[in-house]
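So the sequences go chain by chain: A and W. With the working numbering applied, the first sequence corresponds to residues 1 to 503, in that order. With the working numbering applied, the second sequence corresponds to residues 1001 to 1520, in that order. Note that the Cβ used here is the ideal one computed from N, Cα and C, for glycine as well. Bear in mind the structure is a predicted one, so any value in this text is a computation, not a measurement. In what follows, a structure is listed as structure tokens, so that the remarks can point back to it.
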Amino acid sequence: MKSIKQLLKLSLFGLFLLKTQIGISQKNNYKPISGYEVHKDTISRIISSLKTPAYDHRLERKKAITKFEEICQERSNYIKNLNDAGLIMTGDTITNWINEVLFRLVEANPMLQELNYKVYTHRSSICNAYNIGEGVILINLGLLMSIDSEEELAFVLAHEISHDILKHVMESTKEQSALYGDKDYLKSLKKASKLEYGAYTELERILLAVMSNKMLHSRGNEYLADSLGFELYSKADYDFFGAIGLLEVLDSSDYFIYDFDIDLKQYLTTEGFELNDEWFSNEDLDPIWSKMEHLYEIPDSLKTHPGCDERIASVKRIAKIKEEVKVKKTGSYIEYEGIIKFELIQSLIEDSRPVEAMYYAVKLLELEPENTYLHCVMANSILEIHDALKNMEFRWYVPFPDESFPLGYNKILSFFHNMNSKKLQSLFLAYVSQHITDSDSDDFVTYVQFRKRYFKNEITLDQIIEYEDEIKNTYFKQKVEVQKENYSKNKLDNLKNDSKTKK
Amino acid sequence: MKIKILTMLSLSLLMLVATVSVNGQSKEITGLRKVRMNAIGTMMDKGHVKGYYAYYMLEKADKKNTHYMLEVMDNNLKTTHSVDFVKPKNTYLLDGEFNGTHFCFAFLNQKLKMAEYEIYDSEGKATGSYQVKDLSAAEMQMYYIMAQSETGNQSLIYSALENGFLINRTEKNKGYKFILEQLDNTGKVNWAANSGIKDKSYEAGDVYSVNGEFAVASITIRPKMLSTKGFTTFINVYNVAKGDLIAKLDLKSNINYLAPSGASFSEKDNEIMIYGEYFGMKGGKPDMKDKKGFFVNIYDNEGNVKSENLSSWQGEIAKKVPTNQKGRMEGGRSIFIHKMVKTSDGNYYVVAEQYKKNVSGLGVASRALGGGGSLAKIDVFNMMIFSFDKDMKLTDVSILEKNKSAFQLPEGYGTVSTEKLGYIVKAYGGFDYTYTTMTNDDSNFNTIYLDYNRGKENKGSRFTVGAIGLSDGKVTESKIKLTTQPFSFTTLPAKPGYITIFEYFKKEKKVSLRLEKLDL
């Protein structure tokens, strides 16, 4: 088996070529990265290793062993499902860059060289990174968007690798499983549930005590991973500011990476569809009485991670730093920043989160007003909400505006809450006519144009099949397939209605 | 950098009652042993939904007491308050209301034969309470039926805004007398009003509408407790701050008999709208077979008539019904007016539903087998919207088709006069209409009804929720087909443009509450 060093060296040339291509195409029309599946053999090995990890759990009770095996199975299924859904990126520009940084850490730390880490980009907008166990680490696109430098990415990797070295994932699984074989614990639960009086209160007390103990342990593990991570990170000659910078990013990171206001009307104005000012109002959407924030706050005792302030203080103590730290952006991150932004939008589209996709697309349209890809994102978001309304799935796509959301995002939410499917269809048609032409053979453009023709009843079943064959992107292909089914169903309904009328 | 934690909570969560908010627009409460559909209710004010409440049992606290949880949600279904308290077992939640600053909840304490009204501020802190003790057997029964009712469309508490709350109850006193009381936010009763009748009578009050200034109530007087004939109904308008009777609205006419079915306010124009069907007179008595049409009387704040309007089936209405919809009007159908609204442009809309009394096959079969049950049923037909301009001139009639549904009349009601049948069907939840709400600026309204599809081709639930509203000034309709298959379900009023669907999944021991946007 080739070592991680060899694999990384091999990928560098390919990476150089890909970077150049994206740099050019992004100016006019971004083409999402595709063809990044994990090799069948690799994913099989990962699935199998997660299912039966090389870890001596030493659990004695049968129930605990069964639970341990169940959790490992769940973890293995999780990776399988992510891969089946096309959410694990490998061999692409971004993942190659991550592995480049990993390579630097591995080279500087002899203790890592015998270990086989598998680091992938997870197509998720949530600001997070995961250590799944057995050396598998996933870095979310959302986290990559939030960081500002290569150093910060290096500390993410060092921290996650440390969890692995310290066996935190497996130890935590073992503890969790042990509870299922803990006779005293199970007995106390059983006894509490059978109490004639006060059963709920007693069960709540037992569970909170167990959870709080577990979370205390989890917070301790985070400090240990920060500490070892910082050691690995420093040996690779990374400046300490990256570690502090990352913790600051995490401290300020919200669900939304950007917080900005937008003039939505300006971006949706087209010649063919008149927009009414009332549609941008959120008057009927505000909650009636104020939110009771304390109800949503997780008590400190139930938090899995310590506060970022405490973690920053801890890393500063280890690094013996007393002064304020200024975070710098480094060159290698800047090179990838643009691609990450576009890929994040694409992942939001594929994750059926069209409102967020539109929110970020508007931000990028400020810089690239002629970008066809971004206009397709706008049109597709309108389309997705239209379909959601038709399918009674609106509530899954469009939450109510909330004080905790950015102003610009709330404006988009309000707008969609004030729309109906008829208006959205008209807006979509007008938007596509104005901003998207047929000239590009891109899958996204083809899909949007297909939907335009479909709405205008300018299409036959054979033509739908032609579109289905033409589009290569799995996501858009599936969307065409749904319309094909709708088309056939509508034809059948019409025939039934005609025959009823004749009778 | 969070390691994916597969919590151990699943081990014992099922044993607990747990609320899980999936997102801001839905909520699930799991681990429930038994669910009453009225355990979840809506808090409304002047046609606007303010929020919801859910009430459920957590555990038996001791031999005599039960530990309950009362969860208050805003109009986006987000939990804002949770109050858990211990009360004597068999305490039932009857109703809940929000007046802009305070919540009031009514409970029936079955053991102590007492109705309790508890008031909380917007932080969830108790600010006062009021008890009505020594309830009579009939009152207890009435409250108990209300507590067990699955339709939950009866109200006891009304928001009087800065004037606290109004509560509507009946008291045993020379028969049964209707009482309307005003509670401030500390639970103090500032005034109580009644019908003014001192002789023996059996009264039932229906509070049509309340705002910060006025309360409109209809009082029906029966000579005997169970009599189904000889009703008299009058409408009183009270001043909410002091309880003074401002007006007793006289609906008498020598030519026609007016049978009111409801009242609405137009806040902006200080108008009280009273509406219902009207019938002909024969020999000085109402001729219930002579259904003429419906009336709308508009009064000012002091009870002075602003306008009296009659829309007859043969005259104004027949002219406005589109030719292709005439068939939907035939067959001697009556209409029950559920609501009348006035939009900000000055136009009026009357929301009605068609119904007709028929012989019940089920009732006949039941009788043949020696069982009880009425021989009559009510068939409920299409929804109707009557549009009027600002001068109360009928401008349009929309008939919104839905499947026929049948309501079996309770025993003893088979001979009730047509004018009262609508009330009975309404009281027993027999209509498909569920509610009407207004947008905050009163520019539009949403009327919601249920439609039951008997066809076999439908997968999942056979229920469709119909929504009526205005689009570009025209009455328009949208239908939402339910895809889930709950044990039982109901719709609750929601903010404009939405409906709240409450479903009970018996097998899964859970209830789900969700807001669905209407495609209007």
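C-alpha distance - Phe240(A) paired with Thr66(A), whole-angstrom precision: 44 Å
Proximal chain A residues relative to Gln1131(W), where beta-carbon distance stays under 7 Å: By Cβ distance, chain A contributes nothing, its closest Cβ being about 26 Å from Gln1131(W), past 7 Å.
Start-end ranges of the beta strand (DSSP E) lying completely within the stretch 1436-1493 of chain W, minimum 3 residues: 1445-1452, 1463-1471, 1474-1481 and 1488-1492
Three-pair Cβ contact test at 8 Å for the stretch 156-174 of chain A versus the stretch 127-146 of chain A: yes
Where Ile79(A) falls, given that 16 or more other Cβ within 10 Å makes a residue buried: buried
Contacts of Glu1516(W) in chain A (Cβ-Cβ under 8 Å): Met392, Phe394 and Arg395
Separation of Tyr117(A) from Pro32(A), as counted between CA atoms: 26 Å
Own chain, CB closer than 8 Å to Ser499(A), minus 5 neighbours either side, in chain order: none
CB contact below 9 Å: Ile1480(W) versus chain A: yes
Own chain residues within Cβ distance below 6 Å of Ile1298(W), not counting five before or after: Glu1271, Met1273, Lys1306 and Ser1307
Stretch pair the stretch 1328-1347 of chain W + the stretch 1421-1429 of chain W: three plus CB contacts closer than 8 Å: yes
Which of helix, strand or coil DSSP assigns to Ser25(A): In this prediction, Ser25(A) has a pLDDT of 41, which is less than 50 and means its spatial position is unreliable; what the coordinates show is noted afterwards. In the structure shown, Ser25(A) sits in a helix (DSSP, three-state: H, G or I).
N- and C-terminal bounds of the beta strand (DSSP E) containing Gly242(A): Premise fails: Gly242(A) lies in the alpha helix (DSSP H), Phe241 to Ser252, not in any beta strand (DSSP E).
Anticipated Cβ contact below 8 Å, Glu1353(W) with Asp1432(W), distance rounded: 7 Å
Partner residues on chain A for Ala1054(W), Cβ-Cβ distance less than 8 Å: Residues of chain A passing the Cβ test: none, with the nearest at roughly 14 Å.
Reduced DSSP category for Met1044(W) - H, G, I as helix; E, B as strand; rest coil: strand
Chain W contact for Ile22(A) (CB, 9 Å cutoff): No answer about Ile22(A) holds up, because its pLDDT of 37 lies below 50 and its placement is not dependable.
Any non-hydrogen atom of the ligand ADP closer than 8 Å to Glu69(A) Cβ: Absence of the ligand ADP from the depicted structure is noted, as is the absence of any ligand whatsoever, leaving it without description.
Chain A contact residues for Asp1121(W), given Cβ-Cβ distances below 7 Å: None at all; the shortest Cβ gap to chain A is about 10 Å.
Residue(s) in a DSSP beta bridge with Cys1104(W): Glu1097(W) and Ile1119(W)
Closest residue to Thr1491(W) among Met1392(W), Glu1503(W) and Gln1485(W) (Cα-Cα distance): Glu1503(W)
Chain W within 9 Å of Thr95(A), Cβ atoms only: no
Proximal chain A residues relative to Lys1060(W), where beta-carbon distance stays under 8 Å: Glu196, Tyr197, Gly198 and Ala199
For His1081(W): DSSP bridge partner residues: Val1072(W)
Bridge-paired residues (DSSP) for Pro401(A): Paired residue(s): none; Pro401(A) is not in a bridge.
Residue from Asp84(A), Gly135(A), Thr201(A) and Ile339(A) with nearest C-alpha to Phe1085(W): Thr201(A)
Contact under 9 Å by Cβ, Gly91(A) with Tyr30(A): no
Environment of Pro110(A) [buried if 16+ CB atoms lie within 10 Å]: exposed
CB contact flag (Tyr467(A), Phe444(A), <9 Å): no
Any chain W beta carbon closer than 9 Å to Leu228(A): no
Cross-chain neighbours of Gln1025(W) in chain A, by beta carbon under 8 Å: Arg395, Pro399 and Phe400
Counterpart residues of Trp1191(W) in DSSP-defined beta bridges: Gln1182(W)
Helix, strand or coil at Gln483(A) [DSSP, three-state]: helix
Sub-9 Å separation of Pro1496(W) and Asn1440(W) beta-carbons: yes
Within chain W, partners of Ser421(A) - CB distance below 8 Å: Asp1519
Supposed contact pair Glu1267(W) and Asn1211(W) - C-beta distance, whole angstroms, cut 8 Å: 6 Å
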